[in-house]
Amino acid sequence: MSWSEILIVAVVALIVVGPKDLPGMFRELGKFTAKAKRMARDFSRAMEDAADGAGVADVQKTFQAAVNPAKAAADSASKAVKDAVDFDAFDDDTETGKLAQKRKAETEAARARVEAVKAANAAAAAQGQAFAKAAEEPAAPEADETAAPAAAPEPETPPKKASDA
């Protein structure tokens, strides 16, 4: 409704109901509106509960998986990897359980080696950066350039021979 329509309805309501009973009528109208909203919300909630009970959520997930196959493939792959790495799912007394425990230990050892290599690489990178930074800095001068230069030695004159005199 536009503002002009609302104004016309308000004027007609004022004329029909009268100024004395108009606040009571608006109060009743508000109660009726709140009751209608509550009933609509309850109906919507009941329909959602019925849909959940009928398995609509599973159908919706299947439909979404069909619509977006890349995401579905990624989800199934990540679930498969998670299930494959879960070594605790096996009984320790069976051969499979023993193999699972062995692979779990190997996996943990491999992860520890990877972390050690990462730490060594980080240390080497830091050392390389330090060397590169040191190479970029200008070398310190060997002599102090601000000091007065040393007096140059005077050239020696060869001694005169007795025959020259």
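Numbered according to my numbering, the sequence shown spans residues 16 to 180.
Note that beta-carbon positions come from the ideal geometry of N, C-alpha and C, so glycine has one too.
Whole-angstrom Cβ separation of Leu37 and Leu44, contact assumed at under 8 angstroms? At roughly 10 angstroms, the Cβ-Cβ gap does not stay under 8 angstroms, so Leu37 and Leu44 are not in contact.
Considering only the beta carbon of each residue, do Val27 and Met40 sit closer than 8 angstroms? no
Express the C-alpha separation of Gln79 and Val132 in angstroms, rounding to a whole number. 42 angstroms
Length of the line joining the Cα atoms of Gln116 and Thr109: 11 angstroms
In angstroms with no decimal places, state the Cα-to-Cα distance between Glu121 and Ala138. 26 angstroms
In this structure, does DSSP put Ala180 in helix, strand or coil? The pLDDT assigned to Ala180 is 49, lower than 50, so where the model puts this residue is not dependable; a value taken from the coordinates is nonetheless given after this. Of the three classes helix, strand and coil, the one that applies to Ala180 here is coil, per DSSP.
Alpha helix (DSSP H) runs wholly inside the region 16–96, at least 4 long, in chain order: 18–32, 37–68, 71–82
So what does DSSP say about Thr109, is it helix, strand or coil? coil
Inter-residue spacing [alpha-carbon to alpha-carbon] between Ser17 and Lys52: 22 angstroms
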